[in-house]
Amino acid sequence: MLDQWGVLHDGVRAYPGAVVALEALRRAGKRVIILSNSGRLGSENAAQLAKLGFARELYDEVVSAGDDARDALAARDEPFHHALGRRCLLLAREGEAHLAEGLGLDLVDDVEAADFILLMTMDPPRQSVAGWMDVLRAASERRLPMVCANPDLHRASPDGGLQEAPGLVARAYEQLGGTVRYHGKPEARIYRSCLAKLGLDRSRVVAIGDSLEHDIAGAQGAGIDSVFIGGGIHRGEIVWDGAAMEMSSCLALFARAGRSPTYALPLLG
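Just so we're aligned, residue 164 is where the sequence shown starts under my numbering, counting upward by one.
The following block contains the structure:
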């Protein structure tokens with residue numbers, strides 16, 4: 164199971180060695196699922212990967228948090244989703260209303276008309292936590308539940324910094340007293356789905372990612388080995404000696420986060 168943002172690419176370009184690493188995995192006969200906290204559809208993520216140089220034959224499938232949320236909303240076989248109404252206030256990038264299509268939802272523009280909030284994607288810095296605070300306050304006053312289809316708090320940006328991600332919006336909503344149901348890593352549901360697709364014993368599966376809170380925590384919860392990639396969102400918290408990570412700083416980071424990856428690498432390639 165392989166994360167994409169912060170491991171394969173930064174949203175604009177592939178990381179050095181990432182394509183070569185996937186090619187080597189495939190030559191070795193390994194199954195590869197791209198497991199992403201993206202709120203977009205798996206097919207859309209596959210199209211983005213192709214633009215960045217990752218040929219379709221380099222992996223078996225993309226499983227996204229957005230797909231997981233859509234599946235749950237379509238099935239409504241869990242109490243939280245079953246209790247949701249049909250009038251949905253969608254928080255997403257401009258032009259991405261299609262993410263809520265085919266679910267029998269009535270999209271509304273006004274908090275007062277909504278039964279729940281569906282948080283799928285965001286476009287920083289044009290969209291931000293601060294920019295959505297008025298909507299969140301109004302929704303919390305009405306005690307609207309929220310479905311969050313991307314739990315990531317930040318994502319790596321092309322300039323080496325960090326950008327806000329939808330999970331930060333959901334966190335702000337919880338701080339206002341709102342109830343949030345998360346989809347994606349580290350939630351158990353999406354790991355069950357991936358393991359079922361692979362059909363392998365857990366001892367034969369490894370999860371690779373750059374987020375201790377999502378990738379590594381999710382792997383630990385699922386009972387599978389993990390590889391921490393230090394060159395992603397935690398890069399600024401690690402001491403570097405050129406291209407090598409100073410391991411004592413990594414161990415200190417793991418201790419602060421309360422996470423214990425099985426292995427650690429500076430980059431995938």
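For glycine and all other residues, C-beta sits at the position ideal for the given N, C-alpha and C.
On a predicted model such as this, the values are computed, not experimentally measured, just so you know.
- Query: Given ILE396, which residues of its chain have a CB within under 8 Å of its CB, disregarding the five upstream and five downstream residues?
  - Reply: Result list for ILE396: GLY169, HIS317, ARG318, ALA319, LEU325, ASP373 and SER374, in chain order.
- Query: Do ARG365 and GLY386 have their C-beta atoms closer together than 8 Å?
  - Reply: Yes, they are a contact pair.
- Message: Could you tell me the alpha carbon to alpha carbon distance between GLY265 and TRP403, rounded to whole angstroms?
- Response: Straight-line Cα distance between these residues: approximately 48 Å.
- Message: When you compare the region 232 to 249 with the region 304 to 316, are there three or more beta-carbon pairs, one atom per stretch, that lie closer than 8 Å?
- Response: With a cut-off of 8 Å, the region 304 to 316 and the region 232 to 249 count as touching, because enough Cβ pairs lie within range.
- From GLN338 to ARG300, what does the alpha carbon distance come to, in whole angstroms? Each residue's Cα considered, the two are about 10 Å apart.
- Helix or strand or just coil, what does DSSP make of VAL402? VAL402 carries a coil assignment under DSSP once its states are collapsed to helix, strand and coil.
- Item | Boundaries (first-last residue) of the alpha helix (DSSP H) holding ALA237 | Element bounds for ALA237: 228 to 238.
- Length of the line joining the Cα atoms of GLY323 and ARG250: Distance from the CA of GLY323 to the CA of ARG250, rounded to the nearest whole angstrom, comes to 39 Å.
- Task: For ALA382, count neighbouring Cβ atoms within 10 angstroms of its own Cβ and tell me buried if that reaches 16, exposed if not.
- Result: ALA382 should be labelled buried.
- Grab the span of the alpha helix (DSSP H) containing ILE353 for me, first residue to last. Where ILE353 is concerned, the enclosing alpha helix (DSSP H) stretches over 351 to 361.
- Sheet register partners of PHE279 (DSSP bridge): The partner list for PHE279 (beta bridge, DSSP) reads CYS251.
- Query: Between GLY347 and PRO314, is the Cβ-Cβ spacing less than 8 Å?
  - Reply: If you check the CB distance, GLY347 and PRO314 come in under 8 Å.
- For ASP378 versus ASP166, is the C-beta distance shorter than 8 Å? Yes, they are a contact pair.
- Just confirm the distance between the C-beta atoms of ALA302 and VAL274, as a whole number of angstroms; I'd bet it's less than 8 Å. Contact between ALA302 and VAL274 holds, with the beta-carbon distance rounding to 5 Å and staying under 8 Å.
- Query: Is it true that the region 189 to 201 meets the region 351 to 369, where meeting means three or more beta-carbon pairs spaced less than 8 Å apart?
  - Reply: Short answer: they touch.
- Start and end residues, alpha helix (DSSP H) containing PHE417: Run containing PHE417: 410 to 420, per the alpha helix (DSSP H) assignment.
- Message: Can you look up GLY372 in the DSSP assignment and give me helix, strand or coil?
- Response: In the displayed model, GLY372 falls within a strand according to three-state DSSP.
- Task: Please report the Cβ distance between ALA255 and THR284, rounded to the nearest whole angstrom; I am assuming they are in contact, meaning their Cβ atoms lie under 8 Å.
- Result: 5 Å between Cβ atoms; contact.
- Message: Please list the terminal residues of the continuous alpha helix (DSSP H) segment that includes ALA301.
- Response: Counted as a single uninterrupted DSSP element, the alpha helix (DSSP H) harbouring ALA301 occupies residues 292 to 304.
- Task: Kindly indicate which residue of GLY267, ALA263, LEU262 and ALA333 has the alpha-carbon position closest to the one of TRP295.
- Result: Just measuring C-alpha positions, the residue of GLY267, ALA263, LEU262 and ALA333 sitting nearest TRP295 is ALA333.
- Under the three-state reduction of DSSP, which class applies to PHE391: helix, strand or coil? Under the three-state reduction of DSSP output, PHE391 falls in the strand class.
- Item | Boundaries of the beta strand (DSSP E) in which GLU327 is found, first to last residue | Segment 325 to 327, the beta strand (DSSP E) holding GLU327.
- Query: In its own chain, which residues sit with a C-beta less than 6 Å from the C-beta of LEU171, not counting the 5 before and 5 after it?
  - Reply: Excluding its 5 nearest sequence neighbours in each direction, LEU171 has C-beta neighbours in its own chain below 6 Å: ALA181, listed in chain order.
- Message: Are there any heavy atoms of the ligand NAP lying less than 7 Å away from the beta-carbon of ALA319, as far as the coordinates show?
- Response: With respect to the ligand NAP, the structure shown offers nothing to examine, as it has no ligands at all.
- Message: Would PHE217 and ALA177 be called neighbours here (beta carbons separated by less than 8 Å)?
- Response: Closer than 8 Å, so yes.
- Would you mind working out which of ASP231, CYS413 and ASP278 sits nearest LEU204, comparing C-alpha positions? If we check each option's Cα against that of LEU204, ASP231 comes out closest.
- Which residue's Cα is closest to the Cα of VAL226: SER199, GLU220 and GLN211? That would be SER199, whose Cα lies nearest to the Cα of VAL226.
- Query: Alpha carbon to alpha carbon, what distance is there between GLU350 and LEU358?
  - Reply: Near 13 Å, if we compare the C-alpha coordinates of GLU350 and LEU358.
- Item | Sequence-distant residues of the same chain with beta carbon closer than 7 Å to ARG305, five excluded per side | Counting only Cβ-Cβ distances below 7 Å, and skipping sequence neighbours, we find VAL274.
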